[in-house]
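Visitor: After the structure tokens below, expect a handful of questions from me.
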Amino acid sequence: QKEVEQDPGPLSVPEGAIVSLNCTYSNSAFQYFMWYRQYSRKGPELLMYTYSSGNKEDGRFTAQVDKSSKYISLFIRDSQPSDSATYLCAMSEGLTGGGNKLTFGTGTQLKVEL
Amino acid sequence: DAGITQSPRYKITETGRQVTLMCHQTWSHSYMFWYRQDLGHGLRLIYYSAAADITDKGEVSDGYVVSRSKTENFPLTLESATRSQTSVYFCASSSLAGRETQYFGPGTRLLVL
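Heads up: the protein sequence lines correspond to chains A and B, in order. Here the first sequence is numbered in my numbering, starting from 163 and rising by one per residue. Here the second sequence is numbered in my numbering, starting from 7 and rising by one per residue.
Shown next, in the form of structure tokens:
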């Protein structure tokens, strides 16, 4: 079993829909949780960064972490065609600035249709 | 501000050949990483480096070699390429400071025939 599980999709939604993306994990030592967005043929770029449990909001994006259930979510409100990308969750036991390694999910491919 | 660059962006090689993928960052970040991305596996760590002349193996290091003589460069070498090393390779970097996460390069698509 993988340390981080993520549904690969693809997920197709109409423009304006609320999108929910999720990951589950097995390592209870994970403390830092990230969502990366990856456009086709590009490198991943950081979208959201959360420490421990709770919610974090940034514009149309909300990240939720439930450490008791080992479950994290990314919500996208009022989805736009420009949100079409692959979304990767990533986790680490410590600050990545300290060299702690990231463990990634396989990514969920999202398509927002006009 | 160039950030993090990788070269070449695309490479076709043959089984058994040596291949070197280059990574260069302009931020003076201490940490640098190499990942490979494959369908169904996501991003997997190959090697990482905490500073010049300090490197360590990741999850899938067999068949790969790295060096880091300068802070800004972190080349990855496939000593004798195999078909299973066909993949997209990403370099990333992060600083020592606080909550910095990893910043990724644009990737190198490698095909081993």
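Cβ coordinates follow ideal geometry from the N, Cα and C atoms, glycine included.
Of all the options A/SER174, A/LYS164, A/GLN200, A/ALA179, which has the alpha carbon lying nearest to the alpha carbon of A/CYS185?
Guide: Checked all of A/SER174, A/LYS164, A/GLN200, A/ALA179; the closest Cα to A/CYS185 is A/LYS164.
Visitor: With distances taken from CA atoms, which of B/ARG23, B/SER73, B/ILE18, B/THR32 is nearest B/TRP40?
Guide: Checked all of B/ARG23, B/SER73, B/ILE18, B/THR32; the closest Cα to B/TRP40 is B/SER73.
Visitor: Taking the C-alpha atoms as reference points, what is the distance between A/ASN277 and B/SER100?
Guide: With chain A running from 163 to 276 in the structure shown, residue 277 of chain A is simply not present.
Visitor: What does DSSP give as the partner residues of B/HIS35 in its beta bridges?
Guide: Partner(s): none; B/HIS35 has no beta bridge.
Visitor: Excluding the 5 residues preceding and the 5 following B/THR92 in the sequence, name in chain order all residues of the same chain whose CB lies nearer than 8 Å to its CB.
Guide: LEU116, LEU117, VAL118, listed in sequence order.
Visitor: Per DSSP, which residues does A/ASP173 bridge with? Please list them.
Guide: At residue 173 of chain A the sequence reads Leu, which differs from the Asp that was named. In DSSP, A/LEU173 forms a bridge with A/LEU272.
Visitor: Just the chain B side, please: which residues come within less than 7 Å of A/TYR201 by C-beta, in chain order?
Guide: Neighbours of A/TYR201 on chain B: none; closest Cβ ~10 Å, over 7 Å.
Visitor: Per the DSSP calculation, A/PHE195 is bridged to which residue(s)?
Guide: Note: A/PHE195 sits in a beta bridge opposite A/THR212, A/MET253.
Visitor: Three Cβ pairs or more, each shorter than 8 Å: is that satisfied between the stretch 25-40 of chain B and the stretch 49-57 of chain B?
Guide: Yes: the two stretches touch, three or more of their Cβ pairs being nearer than 8 Å.
Visitor: Please list the terminal residues of the continuous beta strand (DSSP E) segment that includes B/ASP62.
Guide: That run of the beta strand (DSSP E) goes 60-63.
Visitor: In this structure, what does DSSP give as the bridge partners for A/ASN189?
Guide: None, per the DSSP bridge assignment.
Visitor: Chain B partners of A/GLU207, CB-CB under 9 Å?
Guide: Residues of chain B passing the Cβ test: TYR109, PHE110.
Visitor: Please determine, among B/ASP44, B/LYS76, B/ILE60, the residue with the shortest C-alpha to C-alpha distance to B/HIS30.
Guide: When each option's Cα is compared against that of B/HIS30, the closest is B/LYS76.
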